[in-house]
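Below is one structure, written out as structure tokens; comments come after it.
Written out as structure tokens, the structure reads:
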């Protein structure tokens, strides 16, 4: 059995992993790559609201963490594609559950916010 990790411990490395998963754009990028490799411009068009700078930074971080791969094709003009690694693909299962929960509970969250606003 491997080492036991505890995300509640201040110095546990699992906090870094959880931080990556919970980073604002990680969920969107991983979901966007679910159907297969995409080029930068395809990701930018698919993920509405992300800036090129943030997309670049997040892709680099995800690649460094082993969640995505970057493949450069020797073509003119240059072509680069990003794809989920097996590790990144394994993240789709819990992210799908979170996405489904979020989409199903929008009315509940909006109602709670409206009630709070009405009582403020």
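In full-length UniProt numbering, the protein residues as written are 1 to 120.
Glycine included, each C-beta is placed from N, C-alpha and C at the ideal position.
What residue does the beta strand (DSSP E) around residue i start on, and which one ends it?
i, result
"residue 80", "79–84"
"residue 71", "68–73"
Where residue i and residue j are concerned, what is the direct C-alpha to C-alpha distance, given to the nearest angstrom?
i, j, result
"residue 78", "residue 38", "14 Å"
"residue 117", "residue 105", "18 Å"
"residue 65", "residue 119", "44 Å"
"residue 81", "residue 49", "20 Å"
"residue 115", "residue 103", "20 Å"
"residue 12", "residue 2", "14 Å"
"residue 107", "residue 76", "49 Å"
"residue 51", "residue 99", "22 Å"
So, under 8 Å CB-CB, residue i and residue j are touching, yes? Tell me the CB distance rounded to an integer number of Å.
i, j, result
"residue 33", "residue 83", "6 Å"
"residue 58", "residue 25", "5 Å"
"residue 21", "residue 91", "7 Å"
Starting from residue i, trace the alpha helix (DSSP H) in both directions and tell me its first and last residue.
i, result
"residue 34", "No alpha helix (DSSP H) contains residue 34, which DSSP labels as neither H nor E."
"residue 104", "92–104"
"residue 143", "In the structure as shown, the chain begins at 1 and stops at 120. Residue 143 is therefore absent and cannot be evaluated."
"residue 119", "Looking at the DSSP string, residue 119 is not in any alpha helix (DSSP H), and its letter there is neither H nor E."
Note down, in chain order, each residue of its chain lying with its Cβ closer than 7 Å to the Cβ of residue i, except the 5 sequence neighbours on either side.
i, result
"residue 95", "27, 30, 31"
"residue 87", "66, 67"
"residue 15", "7"
Looking only at its own chain, which residues have a Cβ that is under 6 Å from the Cβ of residue i, when we skip the five neighbours before and after it?
i, result
"residue 73", "79"
Suppose the cutoff is 8 Å on Cβ atoms and the five residues either side in sequence are ignored; what does the same chain contact list for residue i look like?
i, result
"residue 55", "25, 29, 40, 43, 44, 47"
"residue 70", "59, 63, 80, 81, 82"
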